[in-house]
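Notes for the one structure printed next.
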Amino acid sequence: MKTWLVTGASSGLGAAIAEAALQTGHKVIATARNPTKAAQANPRISELGGTWIELDVTSPNTPKIVEDAVKEAGGVIDVVVNNAGYSLLGSIEDMSESEIEAQFSTNVYGPVRVLKGVLPFMRARKSGTVVNISSSAGIDGLPTCAMYAGSKFALEGMSESLARELAPFGIRVLVVEPGSLRTNFWSVYVEPAAGMNKDYAGTPLEQVLQLFKSNTGAQPGDAVKCAQRILEVVEGTGMGVGKENLLRLPLGPDCYKRFQTKIDTLQENLLQAKEIAHSTTY
C-alpha cells in the first residue's frame, strides 16, 4: 500500500485518480478548497477510506499544510498528483494583471508550493513519483488559451528540469497531458471580467471560444479510463508495464493527433531555419 496525495480532487480527473488509487488499495489524501462540499459530491472517496483536507494551492501556507498532512498520514508520501487547476480563456489584451496572476498562481506556483511540502519526505526515502497534470495545451497553444497554455507550458518545462534534478534521489516525474475530457472542467473556465474586445469578433479567438462553449458534455475523453492509465503507468502494471521511463503521458486520440502535428510543424520549422541557425557563430 502506498500513500497518494491528490490536489483538486473535488471533481473530474482529480476525483477519478483518487478513487482509482483507493480501489487499488492505496491510502489517499484528497485535497479541495471546500472539503465538506467535495466529500458530499464524491462520497466514494470517503467510503473507500480516503482522507479529505482543505487546501487552496494559491495560499503561501500550502507547503506547511501539505507537510502536516503527510506527517498525520504516517510521514510517508509515495505519489503526489498536482491536479488542481483551471483555465482562463480570452484575449490577453482583455485580461487584468490580477486575472493573469491568479492563473499562474494556481497552475504553476500551486504545484511548486505542493512540491516544497512533499519533496523533503521523498528525498529522505530516495523514492517517490511526482505526477504533474498538464494538458494538450501544454504542447499546443490554441487561440483564446494564451494564458492557460502559457501556464501549462511553464509546468512542462519545470517538469523536464525536475525530472533531471530529482533522478539522483530515485524520484520520478511524470507529466500527464489529457486531451478534452467529459468533465466539468470546460464548464467552469474563467473569462476576463472586461469581456472580449469587439475587434476579436469573427477571429479564430472567438471561434475557438465558441467551440469550447458548445462542446460541453460532448468531449471524447473518459476521466475514469484516464485515471486508470495514469495509475498503471505510475505502478508499472497493465498498460504501464515497461513504461517506467516515460516522462510524458498524452491521453486521448485528440491529444495524440495534436502532438503529432506539433512535432511535424516543429521539424519543418527547424529544417527551414537550419541555415540561419548555423550562420550566427563567430
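Each number in the numbering used here corresponds to the 1-based position in the sequence shown with 1269 added. Ideal placement from N, C-alpha and C gives every residue a C-beta, glycine not left out. Given the structure is predicted, the values throughout are model-derived calculations rather than measurements.
For residue j and residue i, believed in contact at Cβ under 8 Å, the rounded distance
i: Val-1442; j: Asn-1401; result: 7 Å
i: Ile-1298; j: Thr-1327; result: Not confirmed; about 19 Å, so no contact.
i: Ser-1356; j: Asn-1466; result: Not confirmed; about 19 Å, so no contact.
i: Ala-1636; j: Ala-1287; result: The requested residue 1636 is not part of the displayed model; the chain covers only 1270 to 1551.
i: Glu-1446; j: Ser-1420; result: Rounded, the Cβ-Cβ distance is 14 Å, inconsistent with contact.
i: Pro-1412; j: Pro-1473; result: 4 Å
i: Met-1270; j: Lys-1296; result: 6 Å
i: Gly-1448; j: Leu-1520; result: 6 Å
i: Asp-1347; j: Trp-1273; result: 7 Å
i: Gly-1354; j: Asn-1376; result: 5 Å
i: Ile-1233; j: Val-1503; result: The structure shown does not extend to residue 1233, since the chain is modelled only from 1270 through 1551, so no value can be given for it.
i: Gly-1397; j: Leu-1424; result: Incorrect: roughly 18 Å between the Cβ atoms, too far for contact.
i: Thr-1300; j: Val-1275; result: 7 Å
i: Arg-1517; j: Asp-1409; result: Their Cβ separation, rounded to whole angstroms, is 13 Å, which puts Arg-1517 and Asp-1409 out of contact at 8 Å.
i: Val-1493; j: Ala-1310; result: That pair is no contact at about 16 Å.
i: Val-1444; j: Ser-1428; result: 5 Å
Helix, strand or coil at residue i [DSSP, three-state]
i: Glu-1429; result: helix
i: Ile-1346; result: coil
i: Val-1326; result: coil
i: Ile-1314; result: helix
i: Lys-1296; result: strand
i: Gly-1490; result: strand
i: Val-1477; result: helix
i: Val-1510; result: coil
i: Val-1459; result: strand
i: Met-1465; result: coil
i: Ala-1278; result: coil
i: Ile-1408; result: coil
i: Ser-1360; result: coil
i: Tyr-1417; result: helix
i: Asn-1376; result: helix
i: Gly-1505; result: coil
Bridge partner(s) assigned by DSSP for residue i
i: Thr-1472; result: DSSP output for Thr-1472 lists no bridge partner at all.
i: Ala-1301; result: Glu-1323
i: Leu-1518; result: Val-1445
i: Val-1335; result: Val-1335 pairs with nothing; no bridge assigned.
Span of the alpha helix (DSSP H), counted from its first residue to its last, around residue i
i: Asn-1401; result: Counting along the chain, Asn-1401 falls outside any alpha helix (DSSP H), though it belongs to the beta strand (DSSP E) covering 1397-1402.
i: Ala-1264; result: Because the chain spans 1270 through 1551 in this model, residue 1264 falls outside it and cannot be assessed.
i: Arg-1527; result: 1522-1546
i: Leu-1388; result: 1379-1394
i: Glu-1370; result: 1366-1373
Residue i - containing beta strand (DSSP E), residue span
i: Leu-1274; result: 1272-1275
i: Val-1445; result: 1440-1447
Evaluate contact between the segment 1357-1364 and the segment 1457-1467, counting only Cβ atoms and requiring at least three cross-stretch pairs below 8 Å.
Contact between the segment 1357-1364 and the segment 1457-1467 is established, with three or more Cβ pairs separated by less than 8 Å.
Validate contact between the segment 1328-1341 and the segment 1381-1388 using beta carbons, cut 8 Å, 3 pairs:
By the criterion of at least three beta-carbon pairs nearer than 8 Å, the segment 1328-1341 is in contact with the segment 1381-1388.
Does the segment 1433-1442 come within contact of the segment 1504-1511, defined as at least 3 CB pairs closer than 8 Å?
Contact between the segment 1433-1442 and the segment 1504-1511 is absent, because fewer than three Cβ pairs lie under 8 Å.
Does the segment 1415-1432 come within contact of the segment 1519-1533, defined as at least 3 CB pairs closer than 8 Å?
Too few Cβ pairs lie closer than 8 Å, so no.
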